[in-house]
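Residue numbers (the numbering used here): 3 to 139.
Below is the structure:
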């Protein structure tokens with residue numbers, strides 16, 4: 003199990019999720035027992051998608067990130083919002099297995115956030131903490 007996904011290795015997809023169909027990258031993550039993380043370009047903006055349902059060795063089939071990591075996600079998103087890196091106010095729900103965060107104004111911000119949330123799923127909130135502190139993005 004890998005607990006780090008470099009920002010430059012986060013897959014970039016085009017368009018909205020299509021009618022509940024999962025992209026090939028989701029199936030690949032599931033087949034390898036890894037967390038799915040990708041970014042999507044939607045009308046010149048960027049959406050972060052992370053799904054822990056694909057993660058192997060989760061007894062309930064519903065991996066959720068720790069409370070510490072949830073706080074780190076919220077802090078990072080708040081910092082990016084304050085820095086006007088989102089168009090509009092981001093909606094954030096950390097209660098399930100699928101995290102969808104949009105709309106970021108730059109691809110690099112989306113890559114950094116997807117990479118950081120991926121690490122947080124595995125208990126590593128440090129990249130998110132760096133974003134929240136203003137050191138990464």
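All C-beta atoms, glycine included, are put in the ideal place defined by N, C-alpha and C.
With 16 other CB atoms within 10 Å as the buried threshold, where does residue i fall?
| i | result |
| --- | --- |
| residue 64 | Note that residue 64 has pLDDT 49, beneath the 50 cutoff, so the model's placement of it is unreliable and the number below is only indicative. Its Cβ having fewer than 16 others within 10 Å, residue 64 is exposed. |
| residue 114 | buried |
| residue 23 | exposed |
| residue 84 | exposed |
| residue 45 | exposed |
| residue 26 | exposed |
| residue 69 | exposed |
| residue 39 | buried |
| residue 116 | buried |
| residue 118 | buried |
| residue 8 | exposed |
| residue 135 | exposed |
| residue 133 | buried |
Could you please give me the residues that DSSP links to residue i through a beta bridge?
| i | result |
| --- | --- |
| residue 51 | 40 and 102 |
| residue 16 | 43 |
| residue 88 | 106 |
Could you say which of the options lies nearest to residue i if we only look at CA atoms?
| i | options | result |
| --- | --- | --- |
| residue 121 | 72, 43 and 14 | 72 |
| residue 16 | 119, 82, 37 and 109 | 109 |
| residue 41 | 128, 107 and 75 | 107 |
| residue 75 | 43, 47, 7 and 129 | 129 |
| residue 105 | 67, 56, 133 and 43 | 43 |
| residue 131 | 90, 87, 77 and 112 | 77 |
| residue 126 | 90, 88, 111 and 67 | 67 |
Under 6 Å Cβ to Cβ from residue i, same chain only, skipping five residues before and after it: list those, please.
| i | result |
| --- | --- |
| residue 79 | 92 and 94 |
| residue 60 | At residue 60 the pLDDT is 49, less than 50, meaning the model places this residue with poor confidence and gives no usable figure here. |
Would you be able to state if there are at least three C-beta pairs under 8 Å between the segment 40 to 53 and the segment 96 to 109? yes
Inter-stretch contact at 8 Å, needing at least 3 Cβ pairs: the segment 82 to 97 / the segment 25 to 34: no
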